[in-house]
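Peer 1: For the sequence shown, the tail end lands on 697 under full-length UniProt numbering, and the numbers increase by one without skipping.
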Amino acid sequence: MSANYINRELSWLEFNQRVLSEAQREDLPLLERVKFLAITASNLDEFFQVRVGGLTILRRTGNRKPDFSGLTPLQQLSAIRTRTKKMIADQYSLLNDTLLPELERHNILFKHPRILSPFLSEQLSERTKEQIIPLLTPLAYDEDQTDPELPALRLIVACTLQDDESLEQRHAFIPIPDHLGRIIYLSENDQQIIVLLEDVIAHYASYLFPGETAVSHSTFKITRNGDIAVHEEDAIDLAGEMEDVLAERKVSNTVRLEFPKGTSRDLENLIKKVTHAPSKSVFKIPGPLALNDFMEIAFLSGHDELKDPVWEPQPSSILDPQVSMFDSISEQDILLYHPYESFEPVIRLLEEAATDPDVLSIKQVLYRTAKQSRIIDALIKAAENGKQVTVLVELKARFDEARNLQRADELQRAGVQIVYGVKGLKTHAKITLIIRNEGGQLMRYCHLGTGNYNESTAKLYTDASYLTCRKEYGADASLFFNAVTGRSKLIDFSRIVPAPTHMKRKLLELIASETARAKQGEEASITAKVNSLQDQDIIDALYQAAQAGVSVRLNIRGICCLKTNKSTEASNIKVVSVIDRYLEHARIFSFHQGGSPQMYISSADWMTRNLEKRVELMIPILEKNAQRRLTNILEAAFKDNQQAHLILPDGTSARITDRPKKKFRMQKDLQERAEKAAKSRAQRLSTTFEPHLPANG
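Below you can see the structure in the form of structure tokens.
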């Protein structure tokens, strides 16, 4: 392995271990621990689909080229398997030895159907016959015929069936439909009983197969390669090509096969055969599969004492809900930091624009949206009201392709002009441009952000929103939309810095500027918050800056391929990772620049794919109050002594366990600041009197 870099995939697995460490915390409420355990399982599903899927393709094509950490695809796959097996052991040790006993202590019990009381057994039997069996479609297996097509990422029950009269045996598979809830709740004597659907199906298999008995069974789960790209160069109909990609994923190669330990040898061999699973893709699990489904348990009603107190998004202290968003933005630039501050002003801006007679045009990029989206509703209403609405819907947003196809169709039917992304690139920028006629003068209003236009994730992810009507930003926004919809070039921007054309070069220039200042004996520093750091050029520039004496502080949630604390290259680099109740998603960059800091928010991480293969935006923040707020957010990560982890030289991480006199938790501090500002605003409004004035005339 290269001495200078950490492998990307192993770094990601260390991030997931940090998430798992939250589930392992004894001081965290019980259902919050269940939630974090479920998140680690969901994360692993996507990791295997995409990252392991991609490496598997490279290995099968004979690719032996090492990545910049020095590992070939085969070596990476081997290291991933070893590290994943350790993580699985940690997950199930926590579940079996700690979480399940603790749940039982709080009268939340997992039970198999065979040990239920007669009363609950009868209740479950009727429910199974009436509500479950009619929705199942068993697939007979005949070794002389083509193997059945089995769905990915869904639990499947494999059964060995024996005829009650002839005693002949055969096999069948029962895929569990997505819309059937995995968790079945029963109650008795103040106890909440949880029964898993796969156990119910196996226990009552005779309802599906009259005259036969299930003599053995096992549940299994297939993860298929999701790293299948659309062939854009040959695509005449991108939407049609994307539908083909979605269909191809359903039958792509198996990259992971999971079944419980203790599965009979007969069923184990059968499952491996029909899934075409290589031996090194098989994981034998010491407990129930698909722990991501346990997220539902984390939100059980009636157990508030086992959950974190609710943190409500607060209204912005500088916005009056009685004042039009256009008037508010005209008065000053507005920085919002979600979810501490509500995403509602962004939605309200679009809803006002949809009905405002002075609004002529709305342009927006959509990458991921909520299932029930007020933003989509506002865009449809705007089009129906005769406004020119143009939306770039990124069809290549992985695992949201189907939803985005549906969204694009809805918008197009309403009269919205749709663009399906940019050829050869993903459009990941977060931008809205609204053009309004104000007394014969066209005014441009912009929303520029770090997060998606998704009302659901805006309550769960930390992100920054910047609302402005500065002329130079509006002009840049127009240039941007002209480029992505009209094939013009991403040039002549005065403020906004786009990728893939300008952003990486600008970042390297800013890092080099700090390096030069440090060499001249000046104070120099770089502070940045990103989700991931992987780009080799950026890492090398940071090493050079640190060697020159620049103080480099990085708050990185996930992947970090930079090696810390190396005496020769990274002695001035500190990397922390904050894992807390909200997913840290905002990208914020600050360069000292001789005491006149240059600050940016961005949709892009410091990864090669973002900087060279995606359409992204980096937004300079010029307003002094907004700069101070962003500085406070950056500083909070390095003060956190409760939820922060220090990234170690080998890529692993250790929770910061200082025993300070004063505890400091970044996310709690930001929530309290938002609550204090909102309370101050409410008091100010309640003591402000507005007189009625006589009408002019």
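All C-beta atoms, glycine included, are put in the ideal place defined by N, C-alpha and C.
Since we're looking at a predicted model, the values are computed, not measured.
(1) Is Glu305 helix, strand or coil when you go by DSSP?
(2) How many angstroms separate the CA atom of Pro264 from the CA atom of Leu13?
(3) Could you tell me the distance, in whole angstroms, from the CA atom of Tyr600 to the CA atom of Ile57?
(4) What are the residues that DSSP puts in a beta bridge with Ala464?
(5) Apply the 10 Å Cβ neighbour rule to Ser316 and answer buried if 16 or more other Cβ atoms are within range, or exposed otherwise.
(6) What did DSSP end up calling Glu616 once you bin it into helix, strand or coil?
(7) What three-state label does DSSP hand residue 751 in the structure shown?
(8) Report the option in Thr40, Phe110, Ser603, Val215 whose CA atom is closest to the CA atom of Ser532.
(9) To which residues does DSSP link Val578 through a beta bridge?
(10) Can you tell me where the alpha helix (DSSP H) with Lys639 in it begins and where it stops?
(11) Specify the secondary structure class of Val245 as computed by DSSP and reduced to three states.
(12) Pull up the DSSP beta-bridge partners for Trp606, would you.
(13) Would you list the residues sitting across from Cys469 in a DSSP beta bridge?
(14) When the Cα of Thr275 is compared with those of Leu670, Leu395, Pro151, which residue comes out closest?
(15) With a Cβ-Cβ cutoff of 7 angstroms, do Glu212 and Leu257 count as a contact?
(16) Going by DSSP, name the residue or residues bridged to Lys363.
(17) Below 8 angstroms on the Cβ atoms is my contact criterion, and I expect Lys430 with Thr450 to pass it. Report the Cβ-Cβ distance as a whole number of Å.
(18) How many Å lie between Glu22 and Asp580 at the Cα?
(19) Going by DSSP, name the residue or residues bridged to Thr213.
(20) Three-state secondary structure (DSSP) at Glu438?
(21) For the UniProt domain "Polyphosphate kinase N-terminal" (5-109), which segments carrying the alpha helix (DSSP H) assignment without a break, of at least 4 residues, lie completely within its bounds, in sequence order?
(22) Between the alpha carbons of Val200 and Ser216, how many angstroms are there, rounded?
(23) Give me the DSSP bridge partner(s) of His447.
(24) Val391 and Leu411: beta carbons closer than 7 angstroms?
(25) Buried or exposed for Arg182, going by 16 or more other Cβ atoms inside 10 Å?
(26) Following the continuous alpha helix (DSSP H) through Phe119, name the residue where it begins and the one where it ends.
(27) Just the C-alpha distance for Val50 and Asn437, rounded to the nearest angstrom, thanks.
(28) Let's test the definition: count the other Cβ atoms within 10 Å of the Cβ of Glu344 and tell me whether it reaches 16, buried, or not, exposed.
(29) Can you find the residues in the same chain that come closer than 8 angstroms, C-beta to C-beta, to Leu20, ignoring five residues on each side of it along the sequence?
(30) List the endpoints of the continuous beta strand (DSSP E) containing Pro260.
(31) Quick one: what's Met599 bridged to in DSSP?
(32) Considering only the beta carbon of each residue, do Ala290 and Leu180 sit closer than 7 angstroms?
(33) In chain order, what residues of the same chain lie with their CB nearer than 8 angstroms to the CB of Gly287, ignoring the 5 residues before and after it?
(34) Taking C-alpha atoms, which residue in Val52, Gln593, Glu352, Ala541 lies nearest to Lys387?
(35) Taking DSSP as the reference, what is the three-state secondary structure of Ser513?
(36) Runs of 3 residues minimum, wholly inside the region 171-198: which ones carry the beta strand (DSSP E) assignment?
Peer 2: Concretely, from the data shown:
(1) helix
(2) Before going further, note that residue 264 is Ser rather than Pro in the sequence given. About 31 angstroms.
(3) 37 angstroms
(4) Tyr337
(5) buried
(6) strand
(7) Nothing about residue 751 can be reported from this structure: the residues present for the chain run from 1 to 697 only.
(8) Ser603
(9) Ala644
(10) 624-639
(11) Because Val245 carries a pLDDT of 47, less than 50, the predicted location of this residue cannot be relied on, and the following value inherits that uncertainty. The answer is helix: DSSP assigns Val245 an H, G or I state.
(12) Leu533
(13) The partner list for Cys469 (beta bridge, DSSP) is empty, contrary to what the question assumes.
(14) Pro151
(15) no
(16) Thr390, Leu433
(17) 6 angstroms
(18) 8 angstroms
(19) Gln162
(20) strand
(21) 8-23, 30-47, 53-60, 73-94, 100-105
(22) 14 angstroms
(23) Thr432, Leu467
(24) yes
(25) buried
(26) 118-127
(27) 46 angstroms
(28) buried
(29) Phe36, Leu37, Thr40, Met87, Asp90, Gln91, Leu94
(30) 254-260
(31) Ser590
(32) no
(33) Tyr92, Leu95, Asn96, Pro260
(34) Glu352
(35) helix
(36) 183-188, 191-196
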